[in-house]
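According to the UniProt record's numbering, the sequence shown is numbered sequentially starting from 1.
Glycine is no exception: its CB is placed at the ideal position from the N, C-alpha and C atoms.
Contents: one structure, followed by commentary.
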Amino acid sequence: MHCLPEWASTTRCELQDILGAINYFLDEERSGLVISDSRSGLESITSPRPVCQDLMRQIHHCLIRAKTNALLIWTPSHIGFHKRNYVDNLSLMTLQP
């Protein structure tokens, strides 16, 4: 598990998770969906002036070298997803040392 620094913004946390999902698809040589409720995170991926430029470079690099497809989808929230509390708790754990 990857721990983020205490100063990490919500957007940085979301982007780190998106990068992790894309890397998973690359490692497994699989295609898949990355579903996020972080509209700002997903919008920054295509922005000419993104926040968290270091993560954006990594995400762009992974997407370019991908031999499979990783489809990024925005959803308004985790509402309706089975195990949404589990996912939320995993996100909180990235902030703990």
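Beta-ladder partner(s) of residue i, from DSSP
| i | result |
| --- | --- |
| residue 41 | Residue 41 pairs with nothing; no bridge assigned. |
| residue 21 | Paired residues: none, contrary to the question. |
| residue 33 | 71 |
Spatial neighbours of residue i in its chain, beta-carbon cut-off 8 Å, leaving aside the 5 residues before and after
| i | result |
| --- | --- |
| residue 52 | 9, 11, 12, 15, 44 |
Whether residue i touches residue j by CB criterion (8 Å)
| i | j | result |
| --- | --- | --- |
| residue 36 | residue 70 | no |
6 Å CB neighbourhood of residue i in its chain, flanking five on each side removed
| i | result |
| --- | --- |
| residue 56 | 50 |
Inter-residue CB distance, residue i and residue j (contact presumed, cutoff 8 Å)
| i | j | result |
| --- | --- | --- |
| residue 42 | residue 72 | 6 Å |
| residue 18 | residue 59 | 7 Å |
Cut-off 7 Å between Cβ atoms - residues of its own chain near residue i, not counting five sequence neighbours on either side
| i | result |
| --- | --- |
| residue 39 | 74 |
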